[in-house]
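Protein chains in written order, with full-length UniProt numbering: chain R, 1 to 364; chain B, 1 to 354.
Just so it is clear, CB atoms sit at the ideal spot from N, CA and C, and this is done for glycine as well.
Here it is, written out as structure tokens:
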């Protein structure tokens with residue numbers, strides 16, 4: 001095989017443009033393994049659960065940490081939209097960040113190895129995904145055409161080869177796969193050992209289950225759409241936070257003409273949560289998603305919705321009207337969606353007034 | 001083992017379009033994989049030399065040439081079965097439920113231990129397991145060993161629907177168009193992506209004819225030799241027939257509630273031809289594609305079209321009415337599609353016409 005290849009441009013590191021958001025209730029030991037890849041980036045840690053507990057952050061990381069007391073203090077009554085006792089609280093981190101990009105990762109996710117045994121720099125791959133276009137309007141059978149070594153195939157219209165902006169990069173997991181409780185119960189020993197060496201754009205009009213464990217997005221483009229809903233304490237449902245955000249953001253991206261990629265990078269997911277606990281959390285969701293999916297598949301956003309916030313408010317109205325009859329929870333959720341946007345806009349006034357991003361630690 | 005995934009060997013035809021007269025290297029390379037199946041080899045009617053097939057092969061082969069084509073199809077048809085389109089004749093006269101078709105410049109891929117990877121078995125697995133076009137599974141094919149539906153995948157969509165078409169890929173010489181390959185003449189595909197996935201409903205894609213398999217009973221008539229470039233040649237860079245046919249098949253599958261998968265299996269595609277040489281001829285195809293993609297994407301067939309041939313007939317009418325005016329190539333494609341439906345009705349089933 002010819003060794004002919006153009007020099008590969010190094011991936012920009014984006015150290016001053018990207019925040020890493022990590023929800024946690026236990027500890028952040030996992031950061032030690034990520035140190036070579038995360039050091040130098042600013043971390044936003046959202047501490048869930050008991051705020052009197054102290055979360056130890058390993059030395060050498062630049063971070064800000066928020067617990068429930070901080071969330072209540074910063075948002076006041078609007079804090080009601082942020083979940084308590086659920087990793088859904090991570091979206092608070094999205095809201096307070098001042099950066100253009102976000103990478104969010106769970107605290108039981110470690111560095112994975114590719115088939116050659118090399119450690120995978122997940123953050124770098126996410127950045128590559130976000131900085132290269134997406135192709136939602138026509139499926140490329142060789143997957144992401146902008147990847148080194150790939151291209152558009154014969155028959156791919158040239159007018160569609162510029163692609164569109166990539167709003168979200170959805171990574172995957174080796175080892176413990178992201179299964180729901182019923183599947184976990186039936187297949188407790190199944191591990192994901194298959195490394196699929198591809199990134200691809202999820203086509204326009206197609207919904208997908210977005211997992212928040214290993215996710216990156218362009219906050220400037222779609223930040224307001226990444227609300228992780230009402231989960232956990234006092235709520236009838238859990239483990240649908242990222243799903244909800246994923247369906248909303250996909251519908252909005254389809255409307256706005258942006259793309260969502262899935263595939264690489266892989267991380268190593270180490271902890272299998274208790275399937276019985278999960279079943280209790282997901283139970284209602286399993287029934288509700290049968291109504292929710294057709295809702296998202298058919299929802300229409302008006303032409304007047306020219307900003308993500310406007311799209312989101314419209315969505316919230318549709319949720320109230322069409323899903324409110326499924327369960328009163330959706331009524332509350334629709335209200336929370338509005339509260340979220342109000343809080344987002346309050347914390348993120350127009351860019352003219354925005355202060356410059358700074359990297360100083362704001363830990364308590 | 002004569003049954004793979006509930007498909008018996010006897011339900012399969014391997015259809016090869018012979019664009020080269022010397023098929024000995026091809027047949028040797030595929031011998032161990034093809035030998036259990038029935039083969040249909042259709043010789044490109046433009047090929048002057050006799051076909052050379054290795055001696056003493058144990059498989060069952062039927063070879064069809066120009067004379068067979070003329071006898072069955074007659075001369076009054078607008079369909080040209082020359083070049084790569086010759087394989088459609090094989091699709092037409094086959095009487096099996098499943099067809100696997102691979103270009104004659106492809107050989108099996110070797111794995112790390114130099115064992116041949118069997119694309120036929122993978123195609124059959126793809127066709128025998130359901131497709132899931134209504135919701136994207138982020139772990140790709142949920143029916144594969146070691147995989148499943150992920151959290152958030154609606155349970156009501158987990159039984160999937162029948163897969164009617166399996167589109168494989170290519171290592172080495174990928175199916176790029178001439179301008180792309182000409183820009184990077186040394187570029188070869190070395191990435192083996194270990195995944196099969198369903199192409200979502202209503203999503204259009206370029207379906208390459210180099211390495212495909214399909215359920216002939218369900219969608220046979222929808223793979224139609226219709227769009228011919230005026231400069232159509234004998235390398236894939238100089239054709240669009242499969243791309244056009246593929247768009248038709250995808251629309252038909254979406255309409256009939258059938259699935260299309262893409263990904264594994266790979267075949268190894270040998271170097272052939274010169275992309276720069278082919279550039280001039282392919283531009284016509286590239287221009288035509290620009291027009292048709294939005295048109296196919298917005299196609300909604302009528303509810304009364306419940307079989308593949310009805311769908312094709314309806315599409316043919318629309319091609320004639322809505323695209324015929326912009327390029328004579330479309331008008332000819334429409335004619336060919338209508339002729340194909342008639343041909344299929346006449347000789348696509350019942351006793352073999354050859």
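- With contacts defined by Cβ atoms closer than 7 Å, residue 181(R) and residue 290(R) do not form a contacting pair.
- The DSSP-derived three-state label of residue 43(B) is strand.
- DSSP assignment within the region 68–100 of chain R yields the following whole alpha helix (DSSP H) runs of 4 residues or more, N-terminal first: 68–75, 90–96.
- Any Cβ of chain R closer than 7 Å to the Cβ of residue 153(B) would place that residue at the interface, and such an atom is present.
- For the pair residue 225(B) and residue 79(B), the CB atoms are nearer than the 7 Å cut-off.
- Residue 304(B) counts as exposed, since fewer than 16 other C-beta atoms from the protein chains shown sit within 10 angstroms of its C-beta.
- The DSSP-derived three-state label of residue 123(B) is helix.
- The residues 117, 171, 266, 267, 268, in chain order, have a CB closer than 7 Å to that of residue 109(B) in the same chain once the five nearest residues on each side in sequence are set aside.
- Taken in chain order, the members of the region 154–177 of chain B whose beta-carbon sits within less than 7 Å of a beta-carbon on chain R are 154, 155, 156, 167, 169, 174, 175, 176, 177.
- Taking each of 65(B), 44(B), 121(B) in turn and checking the Cα distance to residue 35(B), the smallest one comes out for 121(B).
- Shown in chain order are the members of the region 145–178 of chain R whose Cβ falls below 8 Å from a Cβ of chain B: 149, 150, 151, 152, 153, 154, 155, 156, 157, 158, 159, 160, 170, 172, 177, 178.
- Contact of residue 279(R) with chain B is not assigned, every C-beta pair being separated by 7 Å or more.
- The beta carbon of residue 111(B) lies closer than 7 Å to those of 117 in the same chain, with the five residues before and after it left out.
- When 7 Å is used as the limit between beta carbons, residue 254(B) is near no residue of chain R, the shortest such separation being about 11 Å.
- For residue 110(R), there is no enclosing alpha helix (DSSP H); the residue is part of the beta strand (DSSP E) that begins and ends at 109–111.
- In this structure, the beta-carbon distance from residue 87(B) to residue 150(B) does not fall below 7 Å.
- Per DSSP, reduced to three states, the secondary structure at residue 137(B) is coil, with no helix or strand assignment.
- Per DSSP, the beta-bridge partners of residue 232(R) are 84(R).
- Residues of the region 290–305 of chain B with a Cβ closer than 7 Å to any Cβ of chain R, in chain order: 290, 293.
- For the region 117–140 of chain B, residues whose beta-carbon sits nearer than 9 Å to a beta-carbon of chain R comprise 133, 134, 135, 136, 137, 138, 139, 140.
- Restricted to the region 324–354 of chain B, the alpha helix (DSSP H) segments that are unbroken, complete and at least 4 residues in length are 328–347, listed in chain order.
- Taking the Cβ atoms as the reference, residue 293(R) lies roughly 16 Å from residue 142(B), outside the contact range of under 8 Å.
- Against residue 214(B), chain R offers no close residue; the least beta-carbon distance is about 16 Å (beta-carbon pairs closer than 9 Å).
- Around the Cβ of residue 300(R), a 10 Å sphere holds fewer than 16 other Cβ atoms; the residue is exposed.
- Residue state for residue 68(B) is assigned as helix, using DSSP reduced to three classes.
- Contacts with chain B (Cβ-Cβ distance below 8 Å) from the region 282–295 of chain R involve 282, 286, 289, 290, 293, listed in chain order.
- Sequence-distant partners of residue 185(R) (beyond 5 residues in either direction) whose C-beta falls short of 6 Å from its own C-beta, in its chain, are 275.
- Residue-level contact by beta carbon fails for residue 142(B) and chain R, as no gap is shorter than 7 Å.
- In the three-state DSSP reduction, residue 130(B) falls in the coil class, being neither helix nor strand.
- With fewer than 16 other beta carbons inside 10 angstroms of its own, residue 317(R) counts as exposed.
- In this structure, the beta-carbon distance from residue 81(R) to residue 23(R) does not fall below 7 Å.
- Judged by DSSP in its simplified three-state form, residue 135(R) adopts coil rather than helix or strand.
- Against residue 102(B), chain R offers no close residue; the least beta-carbon distance is about 16 Å (beta-carbon pairs closer than 7 Å).
- Non-local C-beta neighbours of residue 160(R) in its own chain, meaning closer than 6 Å and more than five positions away in sequence, comprise 137, 138, ordered along the chain.
- Taking 7 Å as the CB threshold, residue 326(R) stays off the interface with chain B.
- Per DSSP, the beta-bridge partners of residue 63(B) are 41(B).
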